[in-house]
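Below is one structure, written out as structure tokens; the observations come after it.
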Amino acid sequence: GARSWGVVNNGLVAPDVLKSSRALGVTRIKVDPHESDTVYSATLNGLYVTKDGGQVWNRIGDTLSPIKC
């Protein structure tokens, strides 16, 4: 008979994926109010943007200097 799929990792991300992920340390996410497919994500590794709803992310602002707020 048919078998059902079951969760085997309790919803956790595999350790090898965590080590290679640049998305760790997300501190803010902001959706462009005029273009819903454009999303900005501030991470501990830099600022990223997607313009296709999250399919492809690109790091931006590599030349920006840090500022104190």
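For the sequence shown, the working numbering gives the first residue as 103, with consecutive numbering after it.
Don't be surprised by glycine CBs; every beta carbon is placed ideally from N, CA and C.
Pull up the distance between the alpha-carbon of I161 and that of P135, whole angstroms please. In the sequence shown, counting from the first residue as 1, residue 161 sits at position 59. In the sequence shown, counting from the first residue as 1, residue 135 sits at position 33. It is Arg, not Ile, that sits at residue 161 in the sequence shown. Rounded to whole angstroms, the separation of the alpha carbons of P135 and R161 is 20 Å.
Can you list, in chain order, the residues of its chain with a C-beta nearer than 6 Å to that of Y150? Leave out the 5 residues immediately preceding and following it. For the purposes of this step, residue 150 is taken as residue 48 along the sequence shown, with counting starting at 1. Excluding positions up to five away in sequence, the list reads S143, W159, R161.
Could you give the residue range of the beta strand (DSSP E) that holds N160? For the purposes of this step, residue 160 is identified with residue 58 of the sequence shown, where counting begins at 1. Unbroken beta strand (DSSP E) run through N160: 160-162.
Pick from G148, D154, E137, K170 that is closest to G127, judged by C-alpha positions: Locating residue 127 in the sequence shown gives position 25, counting from the first residue. Looking at the Cα atoms, G148 is the closest of the given residues.
Rounded to whole angstroms, what's the CA-CA distance from T152 to P168? Just pull it up for me. In the sequence shown, residue 152 corresponds to position 50, counting from 1. In the sequence shown, residue 168 corresponds to position 66, counting from 1. Each residue's Cα considered, the two are about 22 Å apart.
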